[in-house]
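J.: The structure's right below; bear with me while I get my questions together.
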Amino acid sequence: MKFPVVTVTLVTAALIYVVWDQTQEKPSPVDPSRFTNLAANPVERGTVVDWAVDQVPKLCEDAIDAATGSDAHTDCLKRSEKREPACRRAMADRFPGMITSEPVFRDLAISAMNCLVPQSARLE
Numbered sequence: 002m003k004f005p006v007v008t009v010t011l012v013t014a015a016l017i018y019v020v021w022d023q024t025q026e027k028p029s030p031v032d033p034s035r036f037t038n039l040a041a042n043p044v045e046r047g048t049v050v051d052w053a054v055d056q057v058p059k060l061c062e063d064a065i066d067a068a069t070g071s072d073a074h075t076d077c078l079k080r081s082e083k084r085e086p087a088c089r090r091a092m093a094d095r096f097p098g099m100i101t102s103e104p105v106f107r108d109l110a111i112s113a114m115n116c117l118v119p120q121s122a123r124l125e
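Taking the numbering used here, the leading residue of the sequence shown gets 2, the next gets one more, and so forth.
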């Protein structure tokens, strides 16, 4: 039987990537003041979506009127986490890569928040 060189190489490369990724510094949370004066200091779409994702715990708390750590709050967070990739793709399809005006920022932020924590979650 032949030694699986290709398989061993791919598994090794995957493990090296995982270790490398875990050693990378995680970005700090986005300061809301970053979104002032967008005409002079535009922001990337991904930064706005990251900020909206950071707001999910508070959105879930407001949506279901339950305290942080409750079963309902945890369930809301899990549902939001599952929706995040689809929401990111939807925002990428609908909005430009650089956000240069307050109305576009507002529309993107509200759309992302509504996608992550839909109205139906707020009504339950």
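From the three backbone atoms N, C-alpha and C, an ideal C-beta is built for every residue, glycine too.
Return no unless some Cβ of chain B is closer than 8 Å to the Cβ of residue 58.
T.: Checking the listed chains, one finds no chain B in this structure; it contains a single protein chain.
J.: According to DSSP, is residue 92 helix, strand or coil?
T.: Helix, per DSSP.
J.: To the nearest angstrom, how far is the alpha carbon of residue 103 from that of residue 18?
T.: Straight-line Cα distance between these residues: approximately 38 Å.
J.: Just to confirm the assignment: which complete alpha helix (DSSP H) runs, minimum length 4, are found wholly within the stretch 60-117?
T.: Entirely contained in the stretch 60-117, the alpha helix (DSSP H) runs reaching 4 residues are, in chain order, 72-95 and 103-117.
J.: In this structure, does DSSP put residue 44 in helix, strand or coil?
T.: Of the three classes helix, strand and coil, the one that applies to residue 44 here is strand, per DSSP.
J.: In three-state DSSP terms, what is residue 16?
T.: In this structure, residue 16 counts as helix in the three-state DSSP scheme.
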